[in-house]
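Undergrad:
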Amino acid sequence: MNLSVGTPGETYAVLFDTGSKDMWLVSDTCQVCEGVNNFFSANESSTYYGNTNHTSSNRYVSGYCEGYQGTDVVCLDSNSTCVDDFVITFVTSWEEFGELGSDGLIGFSPAEYHYPWSRSPYKNDDHLLMNALYN
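In this text, residue positions in the sequence shown follow numbering that gives the first Met the number 0: the first is 0, and each later residue adds one.
1. What span of residues does the beta strand (DSSP E) with Glu-65 cover, start to end?
2. Between the C-alpha atoms of Tyr-112 and Lys-20, what's the straight-line distance to the nearest angstrom?
3. Should Val-73 be counted as a contact of the ligand MG given a C-beta to heavy atom distance under 6 Å?
4. Got a sec, what are the start and stop residues for the beta strand (DSSP E) Asn-42 sits in?
5. Quick check on Leu-99: buried or exposed, where buried means 16 or more other Cβ atoms within 10 Å of its Cβ?
6. Hey, would you say Gly-62 sits closer than 7 Å to Glu-95, going by beta carbons?
7. Keeping to the same chain, check which residues put their C-beta closer than 8 Å to that of Cys-32; ignore five residues upstream and five downstream.
8. Determine the extent of the beta strand (DSSP E) in which Thr-91 is found, giving its start and end residues.
9. CA-CA distance, Ser-45 and Ser-55?
10. Grab me the residues of Asp-71's own chain with a C-beta within less than 7 Å of its C-beta, minus the 5 sequence neighbours each way, in chain order.
11. Please classify Asp-83: is it buried, with 16 or more other beta-carbons within 10 angstroms of its beta-carbon, or exposed?
12. Does the Cβ of Gln-68 have 16 or more other Cβ atoms within 10 Å, making it buried, or fewer, making it exposed?
As structure tokens, then:
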């Protein structure tokens with residue numbers, strides 16, 4: 000699935016995950032990121048806001064990732080439905096995911112057990128990304 004992130008928008012191929020509600024996008028500061036085609040550069044987006052002191056990590060069935068929290072504009076590439084200030088973890092370590100040909104991951108799970116600061120499509124009042132994806 001392709002998403003556009005930032006201003007101006009850059010296109011990234013992300014894995015669609017139904018088991019989490021987090022979004023991970025590989026940063027240009029990534030240390031362990033073999034197989035990634037496109038890296039997010041915070042300096043290239045005028046709408047990026049980040050906090051490198053707020054870090055997180057997660058182990059998935061397919062691999063492990065860690066990074067720092069930030070926000071930016073996220074749009075579905077196919078129809079330009081966008082959400083401002085979408086919480087993204089900008090990845091600094093993307094072990095094993097690179098072999099899947101992915102630049103990141105976006106979760107669409109309604110699960111409440113994830114980070115309280117995450118802004119999943121299910122948590123948004125307008126549900127823009129989720130509705131556009133399923134309609």
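Glycine included, every Cβ here is placed at the ideal spot set by N, Cα and C.
TA: Answer, in terms of the structure:
1. Translated into positions along the sequence shown, residue 65 becomes position 66. For Glu-65, the enclosing beta strand (DSSP E) covers residues 62-75.
2. Counting from 1 along the sequence shown, the entry for residue 112 is found at position 113. Counting from 1 along the sequence shown, the entry for residue 20 is found at position 21. With a pLDDT of only 46 at Tyr-112, under the threshold of 50, the placement of this residue in the model should not be trusted; the figure read from the coordinates follows. When rounded, the distance between both Cα atoms is 9 Å.
3. Ligands are entirely absent from the displayed structure, and the ligand MG is therefore not among its contents.
4. Residue numbering aside, residue 42 sits at position 43 when the sequence shown is read from its first letter. Run containing Asn-42: none; DSSP gives neither H nor E here.
5. As a first step, residue 99 must be located in the sequence shown, where it is residue number 100. It counts as exposed.
6. The sequence position of residue 62 within the sequence shown is 63, counting from 1. The sequence position of residue 95 within the sequence shown is 96, counting from 1. Yes, these two residues count as a Cβ contact at 7 Å.
7. Taking the sequence shown and counting its residues from 1, the one referred to as residue 32 is at position 33. Val-25, Phe-38, Val-90, Ser-92, Trp-93 and Gly-97.
8. Counting from 1 along the sequence shown, the entry for residue 91 is found at position 92. Here the beta strand (DSSP E) through Thr-91 covers 81-94.
9. Here the question's residue 45 lines up with position 46 in the sequence shown. Here the question's residue 55 lines up with position 56 in the sequence shown. Computed Cα separation, rounded: 24 Å.
10. Residue numbering aside, residue 71 sits at position 72 when the sequence shown is read from its first letter. Result list for Asp-71: Val-4, Gly-5, Ser-44, Thr-46, Tyr-47, Phe-85 and Ile-87, in chain order.
11. Within the sequence shown, numbered from 1, the residue matching residue 83 stands at position 84. Classified as exposed, Asp-83 has fewer than 16 neighbouring CB atoms from the shown chains inside 10 Å of its CB.
12. Here residue 68 corresponds to residue number 69 of the sequence shown, with the count starting at 1. So Gln-68 ends up on the buried side.
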